[in-house]
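Just so you know, the protein sequences line up as chains A and B, in that order.
Sequential numbering from 1 applies to the first sequence in the UniProt record's numbering.
Sequential numbering from 1 applies to the second sequence in the UniProt record's numbering.
Each residue gets a CB set at the ideal place from its N, CA and C atoms; glycine is no exception.
Read through the structure below, which is laid out as structure tokens, and then see the notes.
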Amino acid sequence: MSEPLTSKNWFGKASAGLILGFALALGISGILYRSIDVGDDIFSLPAQFTMWAMGPIWAGILSFCFLFRSGVRAWLWLGGATLAVWLALFAMGVSA
Amino acid sequence: MKIRTDIVKMYKEIHGWVGIVSGLALFIAFFAGAITMFEEPLQRWASPPSALAGPTPLDRTDELVEKVLAQHPEASRGYEIHLATGPEQPARLTWTVRGQGEHPALQTYYAALEQDGSLQVVEQGPSPVADFVDILHQQVGLPFEHEISMPIMGAIALLYAIAIVSGIFVLLPSLVKDLFALRVGKNAKRMWLDLHNVLGLLSLPFHLVMALTAVVFAFHDQFYDAKTLAFKPDSGRPAMEASAAPPARQDRLPVLELVERIDDQTPGFTLRSLTFMQSPEGEEVVRVSGTDPRYGLRAPTYGMAEADPFTGQLTELDYMPGMQDGWGATVTSFFALHFGNFGGPGIRWTYFLLGIAGAFLFYTGNLLWVESRRKRERRGGAVQQTRATKVLGALTVGVPLGCIAGIAVTVAAAKPLGLHASEAIHSAIYYAVFLAFTGFALMRGAPRAAMELLPVTAAAVLLIPLATLVTLGDHPAQIVWVDIMAISAAGAFWLAWRKVARRAREGGRDSIWSIKPSGQAANGSVERVV
């Protein structure tokens with residue numbers, strides 16, 4: 001069995017949740033933004049909805065990131081997820 | 001429900017730490033927020049009779065507009081016609097301009113027609129005290145500039161989200177056993193813990209809504225900036241499409257005609273005000289504000305649309321209750337769920353009670369933290385409470401009571417201040433009381449401060465009906481239930497004071513509430529706590 005979880009190594013996990021959680025939330029919000037085709041106006045109603053999506057995603061990642069066994073694992077997993085989301089975004093043509 | 005014990009233990013520690021860091025700020029946010037549920041009645045209660053000649057009759061509004069624009073051309077950039085007037089909105093017409101200087105303040109002017117038809121303009125408007133309480137709520141009690149307070153508020157909201165999730169992890173394993181048990185007995189900590197659990201769990205949906213919306217309210221600008229930077233680096237706000245044929249400059253419709261045409265298009269919507277202004281493209285538009293009890297509203301107390309002032313045709317429905325599209329209704333629902341503006345007085349009272357219960361939840365959380373820490377310290381051999389425990393105990397008393405008394409005194413001051421009131425004066429009064437209470441609690445320690453500050457808090461709250469009585473002459477009483485609420489709150493603080501006094505005399509001597517010198521371990525009842 002693995003080591004029991006502890007709150008002692010909170011800093012590594014929480015920093016990953018805070019920083020990568022934000023990057024992930026932004027990326028997922030961007031995928032939403034692209035996939036519902038909100039047009040050019042970043043303040044249109046559907047675009048506002050995609051902005052709102054960032055709050056729960058960020059807060060959720062930050063709340064659950066303590067379930068990673070260590071800060072390193074949190075950074076690796078969340079970093080991998082962030083990379084995947086942003087690659088998908090570039091594939092969808094974020095810079096176009 | 002089974003959850004691995006190491007997860008529960010980890011989240012229990014996290015819950016404690018995020019709770020203690022954010023709890024007192026959240027208390028202020030929730031207490032002040034509960035009061036903002038009644039922002040409008042409070043403003044009516046607090047607003048002095050205006051120096052104006054009385055609201056101009058609706059059918060003379062166009063004459064009033066004409067005179068204002070002739071004598072104050074700067075008003076043409078945007079002026080507002082109020083269809084509903086009263087102490088809280090004494091003028092038929094107002095306009096607002098930004099002053100000079102580095103942090104220009106907004107100045108609103110209130111206009112009316114005198115008996116002889118001449119124009120009267122005053123700068124003193126309705127009481128700003130309800131706005132002050134709202135800002136206190138938005139900034140979790142911080143006295144800084146908006147740009148500094150909001151990210152701190154956002155950090156508190158994120159901690160609050162973590163506290164909710166971690167609290168669920170902690171409670172889930174013993175949920176069935178603990179939920180409906182409120183063990184009021186000798187074991188005070190058990191009772192506080194049961195109360196904390198039941199309050200937290202039963203108002204969980206409310207707290208999730210508040211935490212998640214508050215995160216977005218706080219980081220709204222940063223979210224948009226990040227999105228703009230990432231997805232639209234070269235975009236400003238794009239220009240709206242120009243309408244086919246811009247109307248030739250002509251006089252807009254008379255106000256009454258405009259109101260009638262808009263009413264025809266908006267059954268069920270109660271028009272409250274019309275704001276005449278120019279769109280960013282220089283077109284004349286009129287913003288229409290009002291309420292519709294069947295729908296949630298985008299702003300705390302109203303929904304809005306835009307109309308063409310020359311035809312009365314509604315042109316922009318994004319924020320119009322019941323007429324917006326699915327995206328608009330969804331985004332509006334996030335605001336409405338935070339503001340509690342979707343179900344009339346019943347929902348406002350429910351939100352008020354949930355807000356007060358929330359404030360109490362954070363207070364009980366702080367109490368539990370202080371008590372467990374004290375017990376851990378004693379197991380570690382300490383006989384005296386450590387400095388940190390003492391300071392936190394004192395803050396747990398001083399901050400909530402200071403917030404309550406500060407709001408009470410500054411609200412009460414609205415009446416004697418009358419037309420001299422300003423947000424700066426209300427702010428100064430609030431922080432003076434708040435800091436005095438907090439400082440006093442730190443000096444005296446939790447038990448003495450609680451005993452001495454509770455009656456002062458009760459007295460502070462009683463200043464509200466007292467202010468009503470003293471100013472009856474020049475300020476006829478409005479919304480008397482504000483005074484009745486204050487009297488019942490004072491009664492509650494008086495009862496709490498009696499309880500605390502008894503506990504300090506008779507409770508365990510190692511409790512943070514005891515005023516007896518701490519000695520050997522006290523009676524066993526406190527020991528049996530989890």
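**Asked** Is it right to say F11 of chain A is buried, meaning 16 or more other beta carbons lie within 10 angstroms of its own, or is it exposed?
**Response** By the neighbour-count criterion, in which 16 or more other beta carbons inside 10 Å mark a residue as buried, F11 of chain A falls on the exposed side.
**Request:** Tell me, please, whether the CB atom of T82 of chain A is closer than 8 angstroms to any CB atom in chain B?
**Result:** So no, T82 of chain A is outside the interface.
**Prompt:** CB-CB under 7 angstroms to F434 of chain B, same chain, minus the five flanking residues each way: which ones, in chain order?
**Reply:** If we look at F434 of chain B and ignore the five residues flanking it on each side, its Cβ neighbours are G402, C403, G406.
**Request:** Compare the beta carbon distance of L5 of chain A and A81 of chain A with 8 angstroms and say whether it is the shorter of the two.
**Result:** No.
**Nearest to G16 of chain B (by Cα), restricted to the options B:R444, B:L469, B:S372** = Ranking B:R444, B:L469, B:S372 by CA distance to the CA of G16 of chain B puts B:S372 first.
**Asked** In whole angstroms, what is the alpha-carbon distance linking W369 of chain B and I20 of chain B?
**Response** Looking at the two C-alpha atoms, the distance is approximately 7 angstroms.
**Prompt:** Residues of chain A with a CB under 9 angstroms from the CB of I7 of chain B: which are they?
**Reply:** Annotation: Cβ neighbours of I7 of chain B in chain A (cutoff 9 angstroms, chain order): P4, L5, F66, L67.
**Message:** Beta carbons nearer than 9 angstroms to chain B: which residues of the region 45 to 56 of chain A have them?
**Reply:** Those residues of the region 45 to 56 of chain A that come within reach of chain B (Cβ to Cβ, closer than 9 angstroms) are L45, P46, A47, Q48, F49, T50, M51, W52, M54, G55, P56.
**Request:** Could you give the DSSP three-state label for I81 of chain B: helix, strand or coil?
**Result:** In the structure shown, I81 of chain B sits in a strand (DSSP, three-state: E or B).
**Request:** Could you pull the start and end residues of the beta strand (DSSP E) that F276 of chain B belongs to?
**Result:** Counted as a single uninterrupted DSSP element, the beta strand (DSSP E) harbouring F276 of chain B occupies residues 270 to 278.
**Message:** Mapping the DSSP letters down to three states, classify R249 of chain B as helix, strand or coil.
**Reply:** Confidence is the limiting factor: at R249 of chain B the pLDDT is only 46, short of 50, which leaves the residue's position unreliable and the question unanswerable from this model.
**Message:** Can you tell me whether G290 of chain B is helix, strand or coil according to DSSP?
**Reply:** Residue state, collapsed to three classes: strand.
**Asked** How would you list, in chain order, the residues of chain A whose beta-carbon sits under 8 angstroms from the beta-carbon of G328 of chain B?
**Response** Within chain A, the residues placing a beta-carbon under 8 angstroms from that of G328 of chain B are L45, ordered along the chain.
**Item:** Residues sharing a beta bridge with W75 of chain A, DSSP
**Value:** According to DSSP, W75 of chain A shares a beta bridge with no other residue.
**Message:** Once DSSP output is grouped into helix, strand and coil, what is the label at M10 of chain B?
**Reply:** Assigned with DSSP and collapsed to three states, M10 of chain B falls in helix.
**Asked** Between the region 20 to 40 of chain B and the region 49 to 65 of chain B, are three or more C-beta pairs nearer than 8 angstroms?
**Response** Not touching, per the Cβ criterion.
**Request:** Would you mind telling me which residues of chain D sit closer than 7 angstroms to A59 of chain A, beta carbon to beta carbon, in chain order?
**Result:** Any reference to chain D falls outside this structure, whose protein chains are A and B.
**Where T6 of chain A falls: helix, strand or coil (DSSP)** = DSSP places T6 of chain A in coil when its eight states are reduced to three.
**Message:** Which residue wins for smallest C-alpha separation from F180 of chain B, given the options B:Q89, B:K189, B:L193?
**Reply:** Per the C-alpha coordinates, the member of B:Q89, B:K189, B:L193 positioned closest to F180 of chain B is B:L193.
**Request:** Could you spell out where the beta strand (DSSP E) holding residue 533 of chain B opens and where it closes?
**Result:** The question about residue 533 of chain B has no answer here: the residues shown for chain B are numbered 1 through 530.
**Closer than 9 angstroms at the beta carbon, the chain B residues around W10 of chain A** = Taking a Cβ-Cβ threshold of 9 angstroms, the residues of chain B close to W10 of chain A are M10, E13, I14, W17, in chain order.
**Beta-ladder partner(s) of M304 of chain B, from DSSP** = DSSP lists B:S289 as partners of M304 of chain B.
**Prompt:** Skipping 5 residues on each side, what residues in its chain have a beta carbon closer than 8 angstroms to that of Y363 of chain B?
**Reply:** Cβ neighbours of Y363 of chain B beyond the five flanking positions: G23, F27, T396, P400.
**Prompt:** Does G71 of chain A have its Cβ less than 8 angstroms from a Cβ in chain B?
**Reply:** With a threshold of 8 angstroms between beta carbons, G71 of chain A makes no contact with chain B.
**Asked** What is the residue span of the beta strand (DSSP E) that Q107 of chain B lies within?
**Response** That run of the beta strand (DSSP E) goes 106 to 113.
**Nonlocal neighbours in the same chain, by C-beta distance under 6 angstroms from L136 of chain B, ignoring five residues either side** = Here the set comprises A32.
**Prompt:** What are the boundary residues of the alpha helix (DSSP H) that V38 of chain A is part of?
**Reply:** The continuous stretches of alpha helix (DSSP H) do not include V38 of chain A, and DSSP gives it neither H nor E.
**Message:** Bridge partners for Q89 of chain B per DSSP, in chain order?
**Reply:** For Q89 of chain B, the pairing in a beta bridge is given by DSSP as B:G86.
**Asked** Is the CB-CB distance between F46 of chain B and F352 of chain B below 8 angstroms?
**Response** Just to set this straight, residue 46 of chain B is Ala in the shown sequence, not Phe. Between A46 of chain B and F352 of chain B, the gap from beta carbon to beta carbon reaches 8 angstroms or more.
**Item:** Residue span of the beta strand (DSSP E) that contains T315 of chain B, given as start and end
**Value:** Per DSSP, T315 of chain B belongs to the beta strand (DSSP E) from 314 to 316.
**chain B within 8 angstroms of L62 of chain A, Cβ atoms only** = So yes, L62 of chain A belongs to the interface.
**Straight-line gap, A157 of chain B to A305 of chain B (C-alpha atoms, nearest Å)** = Approximately 31 angstroms, taken between the alpha carbons.
**Asked** Distance, Cα to Cα, F132 of chain B vs S427 of chain B?
**Response** If you take the alpha carbons of F132 of chain B and S427 of chain B, they lie about 7 angstroms apart.
**Prompt:** Going along the chain, which residues of its own chain have a beta-carbon closer than 7 angstroms to the beta-carbon of F334 of chain B, five neighbours each way excluded?
**Reply:** Within the same chain, F334 of chain B has close Cβ partners T213.
**Request:** State yes or no: is the C-beta of H207 of chain B within less than 8 angstroms of the C-beta of G358 of chain B?
**Result:** Yes, these two residues count as a Cβ contact at 8 angstroms.
**Message:** Quick check: what's the CA-CA separation for F493 of chain B versus V409 of chain B?
**Reply:** The alpha-carbon of F493 of chain B is positioned some 15 angstroms away from that of V409 of chain B.
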